[in-house]
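*Asks:*
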Amino acid sequence: MKKYVCTVCGFIYDEAIEGTKFEDLPEDWSCPICGASKDQFVEQKD
Numbered sequence: 001m002k003k004y005v006c007t008v009c010g011f012i013y014d015e016a017i018e019g020t021k022f023e024d025l026p027e028d029w030s031c032p033i034c035g036a037s038k039d040q041f042v043e044q045k046d
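In this text, residue positions in the sequence shown follow full-length UniProt numbering: the first is 1, and each later residue adds one.
1. Of the residues LYS2, ILE17, CYS9, which one's Cα is nearest the Cα of GLY35?
2. When DSSP labels each residue in this structure, what does ILE17 get in the three-state scheme?
3. Give the secondary structure of PHE27 by DSSP, where H, G and I count as helix, E and B as strand, and everything else as coil.
4. Rounded to whole angstroms, what is the Cα-Cα separation between ASP46 and ILE12?
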């Protein structure tokens, strides 16, 4: 499972915790902390 980081506020979307792949989230999904759109997230590299 992958993790994605909001480049605006640093929120980490963890697919394992959330139970949904990031790519499967609706296009209008936004960061629960700051409201940034999906395109503001980058994949976290280990």
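Note that CB positions come from ideal geometry on N, CA and C, so glycine has one too. In this text the structure is predicted, and so the values were computed from the model without any measurement.
*Replies:* Per the coordinate set shown:
1. CYS9
2. helix
3. The sequence given here has Glu at residue 27, not Phe. Reduced to three states, the DSSP call for GLU27 is coil.
4. 13 angstroms
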